[in-house]
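Input: a single structure, listed below in structure tokens.
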Amino acid sequence: METFDDFLATVDDPERRAKLDDVFVWVRKTFPQLEERIAWNQPMFTDHGTFIIAFSVAKAHFAVAPEAVPLEVFTERIRQAGYTQTKQLFRIKWDQAVDYDLLRVIIAFNIEDKAGHTSFWR
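Residues in the sequence shown are numbered from -14 upward in steps of one, following the numbering used here.
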């Protein structure tokens, strides 16, 4: 798997594939400076070689993984959006709306917070 399209091709359900593609398109348009990368069989966006956010797919949801720090900072907003979370990711059920404002603030937070980072992970 080398591209986001390769990843999307692994999502059998066309509605789910389209929903995730919409998220990827939104990230590209909102943060055009981010680079796309497939690693650990996941599509992820990076900035100056450092991890910003990744996505993965499960039967009941897709997961959004921005690392632990923004999950701690935005725990209440994630909960208010109706999503569940772990220490490393939050889950958007396939039948839930995507809270693009929440994604925007999490991605913007990571870009700013990791501006001086030289390693991939925090």
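Just so it is clear, CB atoms sit at the ideal spot from N, CA and C, and this is done for glycine as well.
All figures in this text were calculated on a predicted structure; none of them were measured in a lab.
Q. Where residue 8 and residue 41 are concerned, what is the direct C-alpha to C-alpha distance, given to the nearest angstrom?
A. The residue you call residue 8 lines up with position 23 of the sequence shown. The residue you call residue 41 lines up with position 56 of the sequence shown. Rounded to the nearest angstrom, the two C-alpha atoms are 12 Å apart.
Q. On the three-state DSSP scale, how would you describe residue 15?
A. Here residue 15 corresponds to residue number 30 of the sequence shown, with the count starting at 1. Note: residue 15 maps to helix in three-state DSSP.
Q: Could you say if the region 93 to 101 and the region 48 to 55 meet the contact criterion of at least three C-beta pairs nearer than 8 Å?
A: Yes, the region 93 to 101 touches the region 48 to 55.
Q. Would you report the Cα separation of residue 61 and residue 68, rounded to the nearest angstrom?
A. Translated into positions along the sequence shown, residue 61 becomes position 76. Translated into positions along the sequence shown, residue 68 becomes position 83. Straight-line spacing of the CA atoms in residue 61 and residue 68 works out to 10 Å.
Q | Residue from 11, 32, 6 and -1 whose Cα sits closest to the Cα of residue 104 | A | Position 119 of the sequence shown, counted from the first residue, corresponds to residue 104. The residue with the shortest Cα to Cα distance from residue 104 is 32.
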